[in-house]
Amino acid sequence: MSGGASERETISCIVQEWKEFIVTETKSAYASPVLLVTKKDGDARLVVDYRKLNAQTVRKVFPTPNLDEHLETLHGATLFTTLDLASGYLQVPLTETSKEKTAFITPSESGKFERMVFGLINAPYEFSRLMQRILQPLKNKVAMWYLDDILVPSTSF
2 MSGGASERET
12 ISCIVQEWKE
22 FIVTETKSAY
32 ASPVLLVTKK
42 DGDARLVVDY
52 RKLNAQTVRK
62 VFPTPNLDEH
72 LETLHGATLF
82 TTLDLASGYL
92 QVPLTETSKE
102 KTAFITPSES
112 GKFERMVFGL
122 INAPYEFSRL
132 MQRILQPLKN
142 KVAMWYLDDI
152 LVPSTSF
């Protein structure tokens, strides 16, 4: 990482916020680097670069939703409720082994995540599997979903 004092300070502030809720200290042998990126609104976002970890991870594949089924469910619907699960991945706890693999390092500190984070190659698989388990009874009757987005079509209030 090649940032100045201001960038290092921003990184440190973000990590301190994470440590209040989702990050703990670690002595893990893993240490993925972090990157500071600018969001569309100009705010800073700290991301962990898991490319090396992901390259060594066996990718799991979960079936994608059937578009024809979804279109059939939408037929006749005139009202649509959409739900976007805010920080959905962060609601999923990690196993102890997985926590160690999420370890990251900054210029001044390190940490590991207690909950699933964006960027891990199998996070979409695990989240999709969880959503399937929870929402399956509602599938194509009440709700349809893709990752952390849920659509509830209806014909009336």
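Per my numbering: the sequence shown = residues 2 to 158.
Built from N, CA and C at the ideal position, the CB exists for glycine as well.
DSSP places residue 35 inside the beta strand (DSSP E), whose first and last residues are 33-39. In its chain, beyond the 5 residues on either side, 33, 120 and 121 have a beta carbon closer than 7 Å to the beta carbon of residue 51.
Contact between the segment 4-17 and the segment 67-84 is absent: fewer than 3 CB-CB pairs across the two stretches fall below 8 Å. If one requires a minimum length of 3 residues, the beta strand (DSSP E) runs lying completely within the segment 72-155 are 80-85, 111-114, 145-147 and 150-155, in chain order.
Residue range 45-49 is occupied by the beta strand (DSSP E) that includes residue 48. As computed with DSSP, residue 62 is found in no beta bridge at all. Sequence-distant Cβ neighbours of residue 60 in its own chain, meaning closer than 6 Å and more than five residues away, are 122.
In the displayed model, residue 25 falls within a strand according to three-state DSSP. Note that the segment 24-32 touches the segment 101-113; at least 3 beta-carbon pairs, one per stretch, sit closer than 8 Å.
Shown here for residue 101: same chain residues with a beta carbon closer than 8 Å to its own, the five before and five after excluded, namely 27, 29, 30, 31 and 113 in chain order. For the 7 Å CB-CB criterion, residue 138 and residue 78 do not form a contact.
Taking residue 71 as the centre and dropping the five residues before and after it, the same chain places the C-beta of 145 closer than 7 Å to its C-beta, in chain order. Only buried fits residue 90, as 16 or more other CB atoms lie within 10 angstroms of its CB.
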